[in-house]
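The next block holds one structure in the form of structure tokens; read it before the comments.
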Amino acid sequence: MKRRTYLFGLVGVTGGGMLASGTGAFSSVRLEREVSIEVVPDDQALLSLKVPYSGDAIQIKNGKLAIDAAEEAEDGDEGVKAGSSREFGDWNSAGKVKTPAIQVVNQGSQPQTVEFTYSWDSAEIGHSSMKWFVSWQPTGRNKKHFVVDDTQEEASITAKHLAPGKALDIAFRVDAANAGDKLSGEISLESTAVEDEQSPPGNPDK
Numbered sequence: 007m008k009r010r011t012y013l014f015g016l017v018g019v020t021g022g023g024m025l026a027s028g029t030g031a032f033s034s035v036r037l038e039r040e041v042s043i044e045v046v047p048d049d050q051a052l053l054s055l056k057v058p059y060s061g062d063a064i065q066i067k068n069g070k071l072a073i074d075a076a077e078e079a080e081d082g083d084e085g086v087k088a089g090s091s092r093e094f095g096d097w098n099s100a101g102k103v104k105t106p107a108i109q110v111v112n113q114g115s116q117p118q119t120v121e122f123t124y125s126w127d128s129a130e131i132g133h134s135s136m137k138w139f140v141s142w143q144p145t146g147r148n149k150k151h152f153v154v155d156d157t158q159e160e161a162s163i164t165a166k167h168l169a170p171g172k173a174l175d176i177a178f179r180v181d182a183a184n185a186g187d188k189l190s191g192e193i194s195l196e197s198t199a200v201e202d203e204q205s206p207p208g209n210p211d212k
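Printed below as a string of structure tokens:
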């Protein structure tokens, strides 16, 4: 088995400059105008990041995944206010992603086991939280979700046997609590090639 790791750092940008360096930060008063996720610059990478999201809030700009909640605000606001929520993508009551905000695609020639992890600094997030939903084919039991908040600073899911050309469908929700909460974080992906295994059966979604 060959394992590869990819790191995506979240960096917040507002108007003319950075809010923070390194892993960056969200503000719970507003999901500050833009958040970018750096993509590993590897043309031969087994995993690629895609944006099927139909709105303007999520785009790839200059090789980075940019998330700008203000793009779709109808009232001229700049994003997620304290005490409110914002959803990126859509999922059903069973937690299966129906409309992904982002996708992680297996570009290799072999099935991959992919671990998706989100972590942040629990000392800075106050009572805010983020909930992530991940689905992949075959459908059915291949859907998971997790929450990161002030009690759990890191969480992950493992997607087994992601076939070549198939994707992890990812959606998420930001629940902003108090003004001043900092939702800084980092996404990491780790892939391991799967050899001589049969795809596990999936149960039909209800």
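When the letters of the sequence shown are read in order and numbered with the numbering used here, they come out as residues 7 to 212. Built from N, CA and C at the ideal position, the CB exists for glycine as well. These numbers come from a predicted model, not from an experiment.
Integer Cβ distance of residue i from residue j, believed to fall under 8 angstroms
i    : j    : result
F178 : F139 : 7 angstroms
P106 : P58  : 6 angstroms
V111 : V120 : The Cβ separation is near 10 angstroms, so there is no contact.
Q113 : T198 : Rounded, the Cβ-Cβ distance is 15 angstroms, inconsistent with contact.
R92  : V180 : 5 angstroms
H133 : A183 : 4 angstroms
S125 : E192 : 6 angstroms
Start and end residues, beta strand (DSSP E) containing residue i
i    : result
E160 : 160 to 168
L174 : 173 to 181
Per-residue DSSP class, three states only, for residue i
i    : result
H151 : strand
S27  : Residue placement at S27 is flagged as unreliable, the pLDDT there being 25, under the threshold of 50; the coordinate-derived value follows with that caveat. Coil, per DSSP.
K102 : coil
D96  : strand
W142 : coil
Residues that DSSP places opposite residue i in a beta bridge
i    : result
S54  : V111
T119 : T198
S125 : E160, E192
I131 : I131 is not bridged to any residue.
S5   : Residue 5 falls outside the range modelled here, since the chain spans only 7 to 212, and no answer is possible.
**Prompt:** On the three-pair Cβ rule with 8 angstroms, is the region 152 to 168 touching the region 93 to 102?
**Reply:** Cβ pair count under 8 angstroms is below three, so no.
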